[in-house]
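Residue numbering for the sequence shown follows full-length UniProt numbering, beginning at 1 and increasing consecutively. Heads up, the beta-carbon is just placed ideally off N, CA and C, and yes, glycines get one too. Since we're looking at a predicted model, the values are computed, not measured. A short write-up of the structure that comes next.
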Amino acid sequence: MLLHTARPWLTLLRGRGVPVAATTRLYHGDRVAAVGTQPDTQSAEFAENYERMQVLVDELKGRSEKIKLGGGERARKLHISRGKLLPRERIDGLLDPGSPFLEFSQFAAYELYGKEEVPAGGIITGIGRVSGVECVIVANDATVKGGTYYPVTVKKHLRAQEIAQQNHLPCIYLVDSGGANLPRQAEVFPDREHFGRIFFNQARLSSDGIAQIAVVMGSCTAGGAYVPAMADESIIVRKQGTIFLGGPPLVKAATGETVSAEDLGGADLHCRKSGVTDHYALDDSHALHLARKAVRNLNYTKNIQVTTEPPEAPLYPAEELYGIVGTNLKRNFDVREVIARIVDGSRFDEFKAFYGDTVVTVWQMLLPTLTTWGAARQDPVAGEVFSPRVLSLVMSFEGTMVLNAEL
1 MLLHTARPWL TLLRGRGVPV AATTRLYHGD RVAAVGTQPD TQSAEFAENY
51 ERMQVLVDEL KGRSEKIKLG GGERARKLHI SRGKLLPRER IDGLLDPGSP
101 FLEFSQFAAY ELYGKEEVPA GGIITGIGRV SGVECVIVAN DATVKGGTYY
151 PVTVKKHLRA QEIAQQNHLP CIYLVDSGGA NLPRQAEVFP DREHFGRIFF
201 NQARLSSDGI AQIAVVMGSC TAGGAYVPAM ADESIIVRKQ GTIFLGGPPL
251 VKAATGETVS AEDLGGADLH CRKSGVTDHY ALDDSHALHL ARKAVRNLNY
301 TKNIQVTTEP PEAPLYPAEE LYGIVGTNLK RNFDVREVIA RIVDGSRFDE
351 FKAFYGDTVV TVWQMLLPTL TTWGAARQDP VAGEVFSPRV LSLVMSFEGT
401 MVLNAEL
């Protein structure tokens with residue numbers, strides 16, 4: 001009887017040009033049926049894909065490790081000789097022990113300025129857990145061109161603030177910058193989405209109750225001096241951090257007066273006289289300790305209402321992705337096999353399975369938050385992909401994470 005009633009439905013699907021094999025995807029709504037197959041790992045194509053992808057991944061990891069070093073060896077040695085921690089060491093000291101750091105845009109500025117290397121755009125941004133609170137961290141890298149701002153540095157800083165605003169995350173700025181990169185200042189200052197937007201965002205974030213915490217660990221010159229001045233709480237390191245619009249050379253040229261950087265804008269001046277900074281730190285480690293205390297004192301309450309389930313590993317090893325995807329863009333593969341090796345339990349609910357079939361849109365659990373995923377199929381069939389209705393539906397579900405993968 002069941003087969004009898006199913007027959008007209010299968011006939012209808014055939015009439016619409018839907019492969020019968022695809023109908024099995026209609027029955028994943030109960031989150032019981034897993035999706036995915038065991039690829040032929042012994043095939044020549046799989047082995048070729050795996051080998052080529054492994055080479056590319058190793059190359060990517062090598063470039064990533066080089067970027068993490070920051071500036072050249074000479075710049076790093078000079079930085080350390082001044083008693084400073086390297087920028088990534090500062091981030092490690094700020095985060096809760098053993099907690100991860102989700103870095104943004106690590107390859108920003110990669111081969112963007114010709115022979116001029118600007119690793120990570122001269123600034124490190126990401127999300128990390130500080131005193132139990134997820135925070136957006138923005139750390140200048142003074143080993144890269146003195147931490148000065150290139151156009152891409154500004155974009156990266158603004159993007160970090162945007163993520164903080166969207167997710168209501170406190171911002172911690174580890175400041176060690178000479179301000180704008182003067183040879184490129186025409187590309188840094190004038191427009192709406194340029195350097196001044198940083199301070200506009202700080203004011204808006206603060207007024208929205210999103211804490212702004214600045215730690216001055218080196219130079220904080222010219223426009224950059226506004227960052228600690230506009231922060232809700234600011235910390236400065238003794239005999240290391242300085243805040244001024246114009247440094248001693250500019251004062252000398254303008255007034256003929258000789259003054260040291262410490263007297264002009266050091267920790268004693270700003271903690272005892274100007275009141276720009278709130279906390280006096282003895283060194284980098286002490287400053288990071290004070291920053292952690294500042295976050296703890298926020299009494300920040302997480303308001304997360306999402307559907308959660310116990311995490312579950314995919315049924316298929318992630319290593320198989322190397323053999324499935326490959327590097328030959330002319331070879332097609334089923335993007336569902338990729339999703340099945342990423343999501344919890346290799347289970348997902350496909351949305352609009354037969355519409356705009358150059359894109360696969362699914363709901364799934366991912367460590368262990370409900371997410372939506374739109375992945376472009378490797379398929380020669382042309383047609384519509386995301387419709388406005390699909391996008392509006394996906395974006396309307398609060399507490400979900402939206403992922404988009406073009407594979």
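DSSP on R129, reduced to helix/strand/coil? strand
Count the other C-beta atoms from every protein chain shown that fall within 10 angstroms of the C-beta of T41, then say buried if there are 16 or more, exposed otherwise. exposed
Enclosing alpha helix (DSSP H) for F104 [first to last residue]: Here F104 belongs to no alpha helix (DSSP H); instead the beta strand (DSSP E) covers F101 to F104.
Give every residue of the same chain whose Cβ lies closer than 8 Å to the Cβ of L158, excluding the five residues on either side of it in the sequence, and list them in chain order. If you ignore the 5 residues before and after L158, its C-beta comes within less than 8 Å of the C-beta of E193, R197, I198 and N201, all in its own chain and listed in chain order.
Would you identify the three-state DSSP class for D344, choosing helix, strand or coil? helix
Kindly list the residues whose CB is nearer than 7 Å to the CB of T153, restricted to its own chain and excluding five residues on each side of it in sequence; keep chain order. G121, G122 and I123
What does DSSP give as the partner residues of N140 in its beta bridges? Answer is I123.
Compute the beta-carbon to beta-carbon distance between I210 and H168, rounded to the nearest angstrom, for a pair I have assumed lies under 8 Å. Contact holds; Cβ gap of about 6 Å.
Check each candidate in G126, V362 and K145 and name the one with the smallest Cα separation from I163. G126
Burial state of D191, where buried means 16 or more other Cβ atoms lie within 10 Å: exposed
Three CB pairs or more closer than 8 Å across the region 133-147 and the region 61-81: yes
Residues in its own chain within less than 7 Å of T258 by CB, not counting five upstream and five downstream? K252
Once the 5 residues before and after A108 are set aside, which same chain residues still bring their CB inside 7 Å of it? A120, G121, V152 and K156
Can you list, in chain order, the residues of its chain with a C-beta nearer than 7 Å to that of K115? Leave out the 5 residues immediately preceding and following it. none
Using a 10 Å radius around the Cβ and a threshold of 16 neighbouring Cβ atoms, would you call R331 buried or exposed? exposed
Nearest-angstrom Cα separation, counted from L245 out to T255: 15 Å
Where does A203 fall in DSSP's three states? DSSP, read as helix, strand or coil, puts A203 in helix.
Cβ contact check for the region 318-332 and the region 51-60: 3 or more pairs under 8 Å: yes
Please report the distance separating the alpha-carbon of Y203 from that of G323. The amino acid occupying residue 203 in the given sequence is Ala; Tyr does not appear at that position. For A203 and G323, the distance between alpha carbons rounds to 49 Å.
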